[in-house]
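Trainee: Pasting a structure here, questions to come.
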Amino acid sequence: MSVEVITKEDLQAFRNDLLNDIKSLLGKKIEAPKEWLKAAEVRKLLKISAGTLLTLRATGRLQYSKIGGTYYYRYQDIQSMLVNGNNGHE
Numbered sequence: 482m483s484v485e486v487i488t489k490e491d492l493q494a495f496r497n498d499l500l501n502d503i504k505s506l507l508g509k510k511i512e513a514p515k516e517w518l519k520a521a522e523v524r525k526l527l528k529i530s531a532g533t534l535l536t537l538r539a540t541g542r543l544q545y546s547k548i549g550g551t552y553y554y555r556y557q558d559i560q561s562m563l564v565n566g567n568n569g570h571e
């Protein structure tokens, strides 16, 4: 069994490296979720098919807005649907 001696300088270098890593992690901008998601993003997020998303929309379980030919869903509405257990899988 080998023994390694750790010096004060080693500890100071470790401390500095650790502090730099923490600073870089805290310095990164934490991106908030988008307020509005497109249908493909919702399907990927919920891991559902286009048909299931259509059912959620058609039955009123998930609110949406349609602009042109594109459906948009509020992230908050998706969270509410999941929290309330109203996800279309009955």
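Be aware that the sequence shown starts at 482, since it is given in the numbering used here, and climbs by one per residue.
Positions of the beta carbon are idealized from the N, C-alpha and C atoms, including for glycine.
Owing to the predicted nature of the structure, the values given are computational and were not obtained by experimental measurement.
#1: Determine the direct distance from the alpha carbon of Gly508 to that of Met491, and round the result to whole angstroms.
#2: Tell me Lys519's beta-bridge partners as DSSP assigns them.
#3: Of the choices Gly541, Ser546, Leu500, whose alpha-carbon is the least far from that of Met562?
#4: Using alpha carbons as the reference points, say which of Lys504, Leu535, Ile529 lies closest to Thr551.
#5: Identify whether Lys547 lies in helix, strand or coil by the three-state DSSP scheme.
#6: Among the residues of its own chain, which have a CB less than 7 Å from the CB of Glu571, if the five just before and after it don't count?
Mentor: The relevant details are as follows:
#1: Residue 491 sits at position 10 when you count from the first residue of the sequence shown. Residue 508 sits at position 27 when you count from the first residue of the sequence shown. A small correction: the amino acid at residue 491 is Asp; Met does not occupy that position in the sequence shown. Rounded to the nearest whole angstrom, the CA to CA distance from Asp491 to Gly508 is 26 Å.
#2: Looking up residue 519 in the sequence shown gives position 38. BP columns for Lys519 point to Tyr553.
#3: Residue 562 sits at position 81 when you count from the first residue of the sequence shown. Minimum Cα distance to Met562 is reached at Gly541.
#4: Taking the first residue of the sequence shown as 1, we reach residue 551 at position 70. With distances taken between Cα atoms, Thr551 lies closest to Leu535.
#5: Here residue 547 corresponds to residue number 66 of the sequence shown, with the count starting at 1. If DSSP states are grouped into helix, strand and coil, Lys547 belongs with the strands.
#6: Taking the first residue of the sequence shown as position 1, residue 571 is located at position 90. With a pLDDT of 44 at Glu571, under the threshold of 50, the modelled position of that residue is not reliable, and the figure given next carries that caveat. Same-chain partners within the cutoff: there are none.
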